[in-house]
Every structure is written in C-alpha cells, then in structure tokens.
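Quick note: to get my numbering, add 60 to the position in the sequence shown (first position is 1).
Glycine included, every Cβ here is placed at the ideal spot set by N, Cα and C.
Data first, discussion second: the structure below is written as structure tokens.
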Amino acid sequence: MNKLVCGIAVDEELYMKYQDKKYRIGKEEFALGAIEIVAASKDYDAYPYLKAQAQGVVEQVQEEIREYYAARDGRKEYVTMKHNTFSEYIKDLQEIHAKSAPERRELKERMDMAQKRWEENQREFKNDEHFLAREKVVFLDAQEEYRNNIKELQRRTQEEIQAVQAEYERHLNDFYAANGNRIDDSAVRLLKSGIRLTDAEIDSMVNQNKGNPTMLRLISDHCDANKITSQSASIYGTLARKNGAEEREAFRTIAGMVEKAVSEDETTSDVWGAEHSHFERLSGQQIESMNAYSIQPAVNQEAAGI
C-alpha cells in the first residue's frame with residue numbers, strides 16, 4: 061500500500077479505481093489528481109467557490125476510503141478524527157481566543173466605567189456621606205461581579221481548551237503509535253529480501269511514508285540493524301520516535317497565550333487579549349510552522365507538494 065489517494069495510502073486496485081473516476085467542480089469534470097491540487101493549492105484562493113467544491117470532493121473520497129477498508133476486513137487503520145491536520149487544532153485555539161478575548165475586554169470596559177463613576181462621585185459629592193456610602197456599596201458590588209465574571213470566563217475558556225486538547229491528544233496518539241495495519245507489506249518484503257538497497261531507494265521509501273510513523277520507524281530500525289547508513293532514514297526515524305513532542309509543545313504554548321488573554325491581571329490580558337495582539341501573529345506563525353513539519357498526517361501532502 062504505497063499509492064496515495066487524497067493523502068491516504070491505498071492498494072493498487074483501489075488506486076486505479078480512483079484514477080479512472082471524474083468529479084464535477086464548477087461546470088466541468090476533472091480527474092481526482094487535478095481536484096486534489098485545486099483543494100490544496102494557494103493559487104486557487106482567488107476562486108473560493110471552486111476550492112470549496114474541490115475540498116468537498118477530497119473529503120468525500122477520504123471518507124469512502126476509510127469506509128471501504130473498515131467494511132472489507134474490519135481493520136482500524138484509519139480512525140476518524142476531528143481534523144485532518146494538527147495545525148487545525150491550533151486554529152480551534154484561535155477561535156476560542158476570538159470569543160474569549162473580546163469578552164474579557166468588555167468586562168474591563170464595564171469595570172473601568174464603574175471605577176470612573178465612583179471617582180467622579182467622590183469628587184462631586186465629597187460632603188454627602190450618605191450618598192457616598194450607597195455609591196461605595198455599588199462600586200464594591202461591581203468589583204465583586206467583575207472578579208466573578210473573570211473567573212467564570214476563565215473556567216469556560218479552560219473547559220473549551222481542554223476539549224480541543226483531548227481531541228488533539230487522541231489524534232497524536234493514534235498517528236504516532238506503532239500500528240501493524242499501517243505496515244506496507246511490499247516495502248517489508250523488499251527490506252527483508254536481502255537486496256542491498258541504494259541510498260536513493262531508501263530515500264524514496266522514506267519519502268513515500270512521511271505520513272506513516274510506523275513505517276518510518278521500521279525503515280530506520282532496519283537500517284540500524286543491518287548497518288546501513290541512511291541520513292533520511294535516521295532523521296525521519298528519530299522524528300517518528302518523538303511521538304508528537306513538538307506538536308504537544310506547540311499546543312501548550314498557544315493554549316497558554318489564550319489563557320493569558322483572559323487573565324485577571326490587567327496588563328497580561330491587555331497584552332494577549334488586545335485586537336491585533338501578539339497572539340494573532342504568533343499563533344499564525346505556529347500554524348505555518350506546523351504545516352511545514354517533516355512528519356504529519358498525509359492528507360493532501362502529495363497535492364500540496366509537502
């Protein structure tokens with residue numbers, strides 16, 4: 061299973077089946093390979109309607125493939141996840157920030173108004189003790205409500221982050237865990253055949269399995285056991301054995317920024333919760349970085365040129 065259809069490794073028979081099919085986007089029919097390119101390429105961002113249709117076709121085909129293998133022999137090779145790529149979970153954090161940060165700013169604005177009113181009353185009615193006593197109670201109530209509202213916002217924000225993190229962990233664990241169903245039998249036969257593979261042949265095998273940590277570990281272990289020097293096998297095998305450490309650190313970093321945006325500390329929340337804040341820039345950079353990771357789910361990698 062070393063052929064890719066919409067980023068998923070399939071057998072030769074299924075691969076040929078999809079090569080023969082045509083799909084309509086816009087007013088014309090296209091081969092699936094062309095549709096993958098439209099779905100993944102930034103060149104088609106100027107045509108959002110066509111790109112959305114192409115992405116819909118890709119998602120449809122991916123689901124068909126998963127159902128095909130599950131129905132054929134009951135394998136759990138492909139587990140349905142919330143997202144196709146790890147960077148999309150960072151986008152979930154961006155959405156949480158987009159809701160929570162404005163709410164935090166609104167709470168601050170209301171508290172500032174209460175503070176301003178209390179200060180004005182102290183100046184204008186400094187000789188009216190009864191009035192000031194009543195107004196002080198109003199101000200203290202506003203302070204208490206402010207603190208409670210921040211705590212509630214923090215609770216909801218943390219709850220949403222944890223829900224995303226649970227899905228993220230599930231995806232990482234499934235992707236990086238050794239899985240016998242993801243072993244390419246033809247590649248294993250070749251490795252065990254006794255043929256002395258060239259560096260180029262091993263590099264090619266590694267490149268075909270960049271979305272398959274199980275195979276990357278197997279190839280790397282084979283090279284080590286047989287004293288075969290292969291830089292690509294060594295590098296990718298090492299990355300596969302990290303089990304998503306970089307992805308987890310990236311999530312923790314961005315999630316921490318979201319938490320800072322709803323902090324009770326005014327300076328911290330101002331810095332991380334402001335419109336066009338550091339968060340927007342840094343989280344966007346993290347998404348770009350993750351999309352360039354050497355190992356990641358193989359969805360659309362071929363079409364995207366990864």
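Q: Can you give me the Cβ contacts of Y83 inside the same chain, cut-off strictly under 7 angstroms, excluding the 5 residues immediately before and after it?
A: As a first step, residue 83 must be located in the sequence shown, where it is residue number 23. The residues are E89, F90, L92, I95 and V117.
Q) Across which residues does DSSP place Y83 in a beta bridge pair? A) Here residue 83 corresponds to residue number 23 of the sequence shown, with the count starting at 1. Beta-bridge pairing links Y83 to F90.
Q. Taking the continuous alpha helix (DSSP H) assigned at I262, which residues delimit it?
A. Residue mapping note: residue 262 aligns to position 202 of the sequence shown, counting from 1. Note, I262: alpha helix (DSSP H), D259 to Q268.
(Q) Does A106 come out as helix, strand or coil in the three-state DSSP assignment? (A) On the sequence shown, residue 106 is found 46 positions in, with the first residue counted as 1. A106: coil per DSSP, three-state reduction.
Q.
Looking only at its chain, what residues have a beta carbon closer than 6 angstroms to the beta carbon of G134, apart from the 5 residues adjacent to it on each side?
A. Taking the first residue of the sequence shown as 1, we reach residue 134 at position 74. Per-residue confidence for G134 stands at a pLDDT of 46, beneath the threshold of 50, marking its modelled position as unreliable; the derived number appears in the next sentence. Contacts found: none.
Q: Count the other C-beta atoms from every protein chain shown that fall within 10 angstroms of the C-beta of G67, then say buried if there are 16 or more, exposed otherwise.
A: In the sequence shown, residue 67 corresponds to position 7, counting from 1. Burial call: buried.
Q.
Are the CB atoms of G254 and Q356 within a distance shorter than 8 angstroms?
A. Start at 1 with the first residue of the sequence shown, and residue 356 comes out as number 296. Start at 1 with the first residue of the sequence shown, and residue 254 comes out as number 194. Result no, Cβ atoms of Q356 and G254 do not sit closer than 8 angstroms.
Q. Contact check, I210 vs V318 under 8 angstroms by CB: the rounded distance?
A. Within the sequence shown, residue 210 is the residue found at index 150, counting from 1. Within the sequence shown, residue 318 is the residue found at index 258, counting from 1. With a Cβ gap of about 14 angstroms, I210 and V318 do not count as contacting.
Q. So what does DSSP say about I355, is it helix, strand or coil?
A. For the purposes of this step, residue 355 is taken as the residue at position 295 of the sequence shown. Of the three classes helix, strand and coil, the one that applies to I355 here is coil, per DSSP.
Q: Measure how close the beta-carbons of D378 and S294 come, nearest whole angstrom, since I'm counting them as under 8 angstroms.
A: Limits of the chain in this structure are 61 at one end and 366 at the other, which puts residue 378 out of reach.
Q: Name the residue from N267, L250 and K320 whose alpha carbon lies nearest to the alpha carbon of L64.
A: Residue numbering aside, residue 64 sits at position 4 when the sequence shown is read from its first letter. For L64, the nearest C-alpha among the options comes from N267.
(Q) If I measure Cβ to Cβ from K77 and keep anything under 6 angstroms in the same chain, skipping five residues before and after, which residues do I get? (A) As a position in the sequence shown, residue 77 is number 17, starting the count at 1. Contacts found: none.
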